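Below: the structure, in structure tokens.
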Amino acid sequence: MEHFDLTLVDWSRAQFALTALYHWIFVPITLGTSFIIAIMETIYVKTGQEIWKRITKFWMTLFGINFAIGVATGIILEFEFGTNWSNYSWFVGDIFGAPLAIEGIMAFFMESTFIAIMFFGWDKVSKKFHLTSSWLVAIGSNLSALWILVANAWMQNPVGMEFNPDTARNEMVDFWQVLFSPTAVNKFLHVITSAYTYSALFVIGISAWYLLKKKNLALAKRSMVVASTFGLITSLFMVMTGDESAREVYKVQPMKFAAMEGLYYGETNAPLVAIGIFENAPTPQDPKAKEWAAKIEIPNLLSYMAALDPHAFVPGIHDLVHGNKEQGIVSYYDKIARGKTAIQALAEYKAAKKAGDREKTAASLATFKENYKDFGYGYYDDPHDLIPNVPLTFYSFHTMVGLGTLFVLIFIFTLIYSVKDKIVDKRWLLYIALWSIPMGFLAQEAGWMVAEFGRQPWVVQDYMPTLTAVSNIDHTSVMITVLLFTITFTVLLIAEIKIMLKQINGFNDGGH
Amino acid sequence: MFENLSYLALQEYWWAIVSLLGSLLVFLLFVQGGQTLLYTLGKTDSEVKVLANSLGRKWEFTFTTLVTFGGAAFASFPLFYATSFGGAYWVWIIILFAFIIQAVSYEYRSKASNWLGTKTYDTFLYINGLLGTLLLGTAVATFFTGSQFLVNDMNQSFWQSPFKGLELAFNLGRYATYINLSLGLGVFFLARVLAILYFMNNVDNDAILERARKKLLPNAALFLVFFLFFLVNILVISGFNYDPVSGAVNMEPFKYLHNLLAMPVVLIILLIGVVMVLLGIFRAAFAYEKCGRRAIWLAGAGTVLTVFALFLTAGYNHTAFYPSVYDLQSSLTIQNASSSFYTLVAMSYVSLMIPFVAAYIWYAWRSLNKKRITVKEMEEDSHAY
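These protein sequence lines are chains A and B, in that order.
Read in the numbering used here, the first sequence has 112 at position 115, and its numbers run on one by one without any break.
Throughout, the numbering used here is defined as the position within the second sequence, counted from one, plus 13.
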């Protein structure tokens, strides 16, 4: 393996993970509450009832507090691609940069322009213009999510591009394929519906707290109805899109899928481990090690979930590493060999072109193209380096799925009891609703951990390993900035929570 | 439509778009300039609150323009994005840090239980105002003076200074550093001048406006000193010329002066821009009662034109817009640093939305600016910062 500064790689990953995880504390709340606020304001405009205006303004205040720190933690992410992942920025910038620019032009300006009207325009513009602005803030923030998720999906499933050996980068050849790849569509829908779900939990959680304290009942009861309805609808979509996303992972990232399910050895009629605790991971030295200390399985469900066929073969980690001729799976050993051939051919192509040797140029280019689809594997010698952290991916995935299912149930109950106006009496449910806020946060972060840890060691699936993507800087600089961002973001988070709690505690809906 | 353009025409189109975003950003830095004047122009809590709220309704435009500038640079000139951000690491990290702490400061500064206290958030705003303008100006000056990096045949870039960009502002043994800093300081004082003109337009408070008028000329004088130092220097220094066929880069005496003479339209834009900025300042200073409130638009438009012309001078007429003084042939040009033809075409269609975006920003701005901000409004507004 070529020499890489693995300390730099680890710290660069740590910085990105830190900033992304912090950013994602706030973004889902922005994505969903913007719609919930727009719905509430619509009710106000339709009914003319002042209580709905007060409710709208209350949630808008919390939205503003959250939005500010979301913006603060977001700016670093865009520029981090350049500061910490400059090799990546060139290798795929031709494709990845476009969605980021479109995000800025199309979404960020819409969001930032109309948010000013939303906060400061109450007495300056007409009711309808104000309402339109609130909806445009919601649409703008969700559009911004679309483009960055398209970019992320492309990294998981790179399509619509060709490698240009002269510029040594991937170049876009089909914009629509990038935008509408099944991975992009599923990722966008799953992420935004999960964000809406989390936002609904945020609203019902705070409303539940008011109901437990027997204060602001008018606000709490009304908010509970709106958020429960919104949450139930969006969480059902979240489950559907999650199911589709998993199937997409099975098709394009089989190693990630195997890690998500803790599947070391592939099988037909594969059962789904619904709940499981690892004992030992099988290794080349001990391939039959006892994998599970305890597990609850559902027969055939994994095969069905992956391929919509209860008898389908689902490849495990071992099949991918060592290959499985029967199932037509090429081993990582072979892919590594092809990758090395591709890397060598690219170097020869460059040298031959410089020397003006046309014959060798053509020959090395042909060899390169033949092997390019396994290009990234060539940076490794040991296929076991191509396996992600299985327990982390498995536990994150199962935490996300388990909590997601629980949220659907919570919304059903909160909606039923809210509509019957019996929610105040169901204190057990109110406590669960209150605790669903941190649970929602946990599920959100777990989802991203599945997506990002599960695809390691790739930054662009099969083409670019994480270790080749980093900037050529010293790891000390990155260590310092990790420390800087950790302190800064933690301080700002504490400030945000304190301000928000004060606002919640001090609010008075007018005594209805 | 865009498919029929040549690759070079698309590269030039995108350099113009990036330049336009950069020049709009410099105008919108009046928010940063204003942040450094909060306690100079505001002497009571309510006056500071008026000023903070006046800026607080615009800060997101600046922020968003910066983000879009970064996104557009990434999409259209990814090798510049990779080289500059990944190389001048510390300069960009400090700039980003300054914007991170700004983003929460307006919203949190006067909220109950804000933990750090109003003064801390106002200090964050000051830091953002100082570092944001100074370092962005310094970074842009390197388009003319060059940086130390190497790009290999796989288009991977390697910054050659261990100070990772800090040398651009602190290596006082190199004359170019003074040129860099002069633009940085020029942008800093220009942002303060524009902020004063903006307050004249947006704030309705006699005490604040009286102080603003007093601070206008000293800041304008300092801006002129630093800006003219920068302008004269880039007109006389050797610049980075490249051969459009071979791509070879060579030093050309008076390159930027030659560029302006070779592109008279750009020269005219520059001259009109400078005159408009000066006229805006002059009218606010000496004809305040008559046209002081509108001076921001004159000086603002002049700023956009001036900076736009400077960007075009740095990138057009076979000029390496991001030159390397370590290895001349590693210098970046709009031809060797750009995205592919296909991507530029796709992006160009997206750029057609820009006039529409500008129109709704203008409409929203006007809707909010119908009335000037007063102390009374701050007392009544439930969402005042």
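Note that the Cβ used here is the ideal one computed from N, Cα and C, for glycine as well.
Keep in mind that this is a model prediction, so the values were computed, not measured.
In the structure shown, what three-state DSSP assignment does residue 482(A) receive?
Numbered from its first residue, the first sequence carries residue 482(A) at position 485. Three-state DSSP puts residue 482(A) in a helix.
For residue 461(A), write down the residues that DSSP places opposite it in a beta bridge.
Residue numbering aside, residue 461(A) sits at position 464 when the first sequence is read from its first letter. Residue 461(A) pairs with 457(A).
Answer with yes or no whether the minimum CB distance from residue 291(A) to chain B is below 7 angstroms.
As a first step, residue 291(A) is located in the first sequence; it is residue number 294 there, counting from the start. By this cut-off, residue 291(A) is not an interface position.
If you follow the alpha helix (DSSP H) that residue 383(B) is part of, which residue opens it and which one closes it?
One-based indexing of the second sequence puts residue 383(B) at position 370. Segment: none, residue 383(B) is in no alpha helix (DSSP H) and carries neither H nor E.
Tell me the rounded alpha-carbon separation between residue 178(B) and residue 61(A).
Working through the second sequence from its first residue, we reach residue 178(B) at position 165. Working through the first sequence from its first residue, we reach residue 61(A) at position 64. Distance between the alpha carbons of residue 178(B) and residue 61(A): 35 angstroms.
Span of the beta strand (DSSP E) around residue 291(A)
Within the first sequence, the letter at position 294 stands for residue 291(A). 289 to 295 is the span of the beta strand (DSSP E), which, as asked, contains residue 291(A).
Helix, strand or coil at residue 341(B) according to DSSP, with G and I counted as helix
The count along the second sequence starts at 1 and reaches residue 341(B) at position 328. Here residue 341(B) sits in helix by DSSP.
Closest to residue 254(B) by C-alpha separation, out of 197(B), 323(B) and 266(B), would be which residue?
For the purposes of this step, residue 254(B) is identified with residue 241 of the second sequence, where counting begins at 1. Taking only the C-alpha atoms, the option nearest residue 254(B) is 266(B).
Can you list the residues of chain A that residue 158(B) reaches, using a CB-CB cut of under 7 angstroms?
Within the second sequence, numbered from 1, the residue matching residue 158(B) stands at position 145. Here the premise fails: no neighbours, minimum Cβ distance about 21 angstroms.
Residues bridged to residue 272(A) (per DSSP):
As a working mapping, residue 272(A) is identified with position 275 in the first sequence. 293(A).
For residue 113(B) and residue 66(A), I'd like the C-alpha separation in whole angstroms.
In the second sequence, the residue the question calls residue 113(B) occupies position 100. In the first sequence, the residue the question calls residue 66(A) occupies position 69. Approximately 8 angstroms between the Cα atoms of the pair.
Tell me residue 158(A)'s beta-bridge partners as DSSP assigns them.
Position 161 of the first sequence, counted from the start, is the residue given in the question as residue 158(A). Answer is 169(A), bridged to residue 158(A).
Hey, is residue 122(A)'s beta-carbon within less than 7 angstroms of any beta-carbon in chain B?
Locating residue 122(A) in the first sequence gives position 125, where the first residue counts as 1. So yes, residue 122(A) belongs to the interface.
Among 191(B), 119(B), 372(B) and 199(B), nearest to residue 396(B) - alpha-carbon criterion
Residue numbering aside, residue 396(B) sits at position 383 when the second sequence is read from its first letter. Nearest of 191(B), 119(B), 372(B) and 199(B) to residue 396(B), Cα basis: 119(B).
Against chain A, with Cβ distances strictly below 7 angstroms, would residue 36(B) count as a contact?
For the purposes of this step, residue 36(B) is taken as residue 23 along the second sequence, with counting starting at 1. No, its Cβ sits nowhere closer than 7 angstroms to a Cβ of chain A.
Buried or exposed: where does residue 44(B) fall if 16 or more other Cβ atoms within 10 Å of its Cβ makes it buried?
In the second sequence, the residue the question calls residue 44(B) occupies position 31. Buried, because 16 or more other Cβ atoms sit within 10 Å of the Cβ of residue 44(B).
Please report how far the alpha carbon of residue 378(B) lies from the alpha carbon of residue 14(B), in whole angstroms.
For this step, residue 378(B) is matched to residue 365 along the second sequence. For this step, residue 14(B) is matched to residue 1 along the second sequence. Computed Cα separation, rounded: 32 angstroms.
Got a sec? Which residues, its chain only, sit under 8 angstroms from residue 198(B) by beta carbon, not counting five neighbours each side?
Within the second sequence, the letter at position 185 stands for residue 198(B). If we look at residue 198(B) and ignore the five residues flanking it on each side, its Cβ neighbours are 147, 150, 235 and 239.
Drop a sphere of 10 angstroms on the beta-carbon of residue 142(A), count the other beta-carbons inside from all chains shown, and report buried for 16 or more, exposed for fewer.
As a position in the first sequence, residue 142(A) is number 145, starting the count at 1. The residue in question, residue 142(A), is buried, as its Cβ has 16 or more Cβ neighbours within 10 Å.
Nearest-angstrom Cα distance between residue 88(A) and residue 250(A)?
Here residue 88(A) refers to the residue found at position 91 of the first sequence. Here residue 250(A) refers to the residue found at position 253 of the first sequence. For the pair residue 88(A) and residue 250(A), the Cα-to-Cα distance works out to about 21 angstroms.
Please determine, among 431(A), 11(A) and 56(A), the residue with the shortest C-alpha to C-alpha distance to residue 504(A).
Here residue 504(A) is taken as the residue at index 507 of the first sequence, counted from 1. It is 56(A).
Segment limits, alpha helix (DSSP H) that includes residue 262(B):
If you number the second sequence from 1, residue 262(B) lands on position 249. Per DSSP, residue 262(B) belongs to no alpha helix (DSSP H); it is in the beta strand (DSSP E), 262 to 265.
With DSSP run on the structure shown, which of helix, strand or coil describes residue 261(A)?
Counting from one through the first sequence, the residue named residue 261(A) turns up at place 264. DSSP places residue 261(A) in coil when its eight states are reduced to three.
For a cutoff of 7 angstroms on Cβ pairs, would you count residue 9(B) as touching chain A?
Because residue 9(B) is not part of the residues shown, which for chain B are 14 to 398, the question remains open.
In the DSSP output, what is residue 326(A) paired with across the bridge?
Counting from one through the first sequence, the residue named residue 326(A) turns up at place 329. Answer by DSSP bridge pairing, in chain order: 321(A).
Among 106(B), 252(B) and 213(B), nearest to residue 330(B) - alpha-carbon criterion:
Numbered from its first residue, the second sequence carries residue 330(B) at position 317. Of the candidates 106(B), 252(B) and 213(B), the one whose C-alpha sits nearest the C-alpha of residue 330(B) is 252(B).
Looking at the unbroken alpha helix (DSSP H) that takes in residue 64(B), where does it start and where does it end?
Taking the second sequence and counting its residues from 1, the one referred to as residue 64(B) is at position 51. It spans 58 to 69 - the alpha helix (DSSP H) in which residue 64(B) sits, taken as one unbroken run.
What's the gap between the Cα of residue 210(B) and the Cα of residue 309(B)?
For the purposes of this step, residue 210(B) is taken as the residue at position 197 of the second sequence. For the purposes of this step, residue 309(B) is taken as the residue at position 296 of the second sequence. Spanning the alpha carbons of residue 210(B) and residue 309(B) requires a straight line of approximately 5 angstroms.
So, residue 495(A) versus residue 166(B), is the Cβ gap smaller than 7 angstroms?
Translated into the one-based positions of the first sequence, residue 495(A) becomes position 498. Translated into the one-based positions of the second sequence, residue 166(B) becomes position 153. No, the Cβ-Cβ distance between residue 495(A) and residue 166(B) is not below 7 angstroms.
Just verifying my parser: in three-state terms, what is the DSSP assignment at residue 71(A)?
As a working mapping, residue 71(A) is identified with position 74 in the first sequence. DSSP places residue 71(A) in helix when its eight states are reduced to three.
For a contact defined as C-beta to C-beta under 7 angstroms, what are the partners of residue 70(B) on chain A?
As a working note, residue 70(B) is residue 57 in the second sequence. Neighbours of residue 70(B) on chain A, chain order: 113 and 117.
Closer than 6 angstroms by C-beta to residue 197(A): which residues in its own chain qualify, once you throw out the five before and the five after it? Chain order, please.
One-based indexing of the first sequence puts residue 197(A) at position 200. Here the set comprises 224, 227 and 228.
Against chain B, with Cβ distances strictly below 7 angstroms, would residue 169(A) count as a contact?
Taking the first residue of the first sequence as 1, we reach residue 169(A) at position 172. By this cut-off, residue 169(A) is an interface position.
Determine, using beta carbons only, whether residue 268(A) and residue 245(A) come nearer to each other than 7 angstroms.
Walking along the first sequence from the start, residue 268(A) turns up at place 271. Walking along the first sequence from the start, residue 245(A) turns up at place 248. No; because the gap between Cβ atoms is not below 7 angstroms, this pair is not in contact.
Can you have a look at residue 98(A) and say buried or exposed, based on whether 16 or more other CB atoms are within 10 angstroms of its CB?
Position 101 of the first sequence, counting from 1, holds the residue named residue 98(A). Buried, by the Cβ-count rule.
Along the chain, where does the beta strand (DSSP E) that runs through residue 172(B) open and close?
Locating residue 172(B) in the second sequence gives position 159, counting from the first residue. Counting along the chain, the unbroken beta strand (DSSP E) around residue 172(B) starts and ends at 170 to 172.
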